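In the working numbering, the protein residues as written are 53 to 340.
Idealized CB from N, CA, C, for every residue including glycine.
In this text the structure is predicted, and so the values were computed from the model without any measurement.
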């Protein structure tokens, strides 16, 4: 019988457990492997008993610190020849916000102007080169869930936020004003195996709209333009499962981030069983 292993840092996300349940409802085995388990040890002969691995982690900031452990862990498993959905190439791409932006920009998909910086002087050069005004966004390239993302409103704040930039993989980014009235409303669209499953708008009084930060969702009506945009992002990233985050303005749709392990809580609020769609895709690929 097909067996799928879901790798998670600590298993706190309801999306992880919902996905396990949906795989089992389809009549297949699913196991959650927690990297934080006290007895988990990635030794030279470590192996898993499964047909496919779905990793919910890559390089990321956990407990406010950047860790490579999860990335090394899944890369070590690749040596054993396991099948991954998404692939490690896609996981790395979507973990690295700057590489994602470069890929999108190269393929003429609108994104905020962005630079990988070493220090405050790089940040100032970026602002002058593109004739930008404050505010600007400063974020860690491998940040998760809206954490380690900040606004600089002047040069003093910019100087403070760009300390140690070269050691922390910091980005500076043009601020896209996607505010509607008193609220910020961005878009999250989910693509699973070449199909747009659904989408929603994340609503917040802060420019960081992540559900993880306590914000709420509204239904999103996906038109042909949005559907094509999301499918193009999935094609470029090689993703079978992809969350596409979009900032809407009067002029255009700006793709801000790609997520190869998107949470499904927002879809649950709207009555969309995204976990079932993902489970079905994982089973299909596990059988191949």
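*Excluding the 5 residues preceding and the 5 following residue 85 in the sequence, name in chain order all residues of the same chain whose CB lies nearer than 6 Å to its CB.*
Cβ within range, chain order: 57 and 59.
*the region 97-107 in contact with the region 127-141 per 3-pair CB rule at 8 Å*: The region 97-107 makes contact with the region 127-141; the number of CB pairs closer than 8 Å reaches 3 or more.
_Which of the three DSSP states is assigned to residue 152 in this structure?_
Residue 152: helix per DSSP, three-state reduction.
_Just to confirm, is the Cβ distance from residue 167 to residue 157 under 9 Å?_
Contact flag unset, no.
*Where the alpha helix (DSSP H) containing residue 77 begins and where it ends*: That run of the alpha helix (DSSP H) goes 66-77.
*Looking at the structure shown, is residue 418 part of a helix, part of a strand, or coil, going by DSSP?*
There is simply no residue 418 to check, as the chain begins at 53 and stops at 340 in what is shown.
*asked:* I'd like to confirm the pairing. Which residues does DSSP put opposite residue 94 in its beta bridges?
replied: Answer by DSSP bridge pairing: none, since residue 94 is not bridged.
*Just the Cα atoms here: how many angstroms apart are residue 339 and residue 79?*
Separation of residue 339 and residue 79 (C-alpha to C-alpha, rounded to the nearest whole angstrom) is 13 Å.
*Just list the beta strand (DSSP E) runs in the region 220-268, keeping only unbroken ones of 3 residues or longer that don't cross its boundaries, in chain order.*
Contiguous beta strand (DSSP E) elements confined to the region 220-268 occur at 222-226, 235-244 and 247-256, taking only those with 3 or more residues.
*Okay, do the region 234-250 and the region 321-331 touch, 3+ Cβ pairs below 8 Å being the bar?*
Enough Cβ pairs lie closer than 8 Å, so yes.
_Do residue 189 and residue 169 have their beta-carbon atoms positioned less than 9 Å apart in this structure?_
No, they are not a contact pair.
*Can at least three beta-carbon pairs, one atom from the region 266-283 and one from the region 217-234, be found at a separation below 8 Å?*
These segments do not touch.
*Span of the alpha helix (DSSP H) holding residue 125?*
Run containing residue 125: 121-130, per the alpha helix (DSSP H) assignment.
*Kindly identify the DSSP beta-bridge partner or partners of residue 203.*
DSSP lists 189 as partners of residue 203.
*For residue 63, which of 87, 82 and 238 has the nearest alpha-carbon?*
In terms of CA proximity to residue 63, 87 leads the group 87, 82 and 238.
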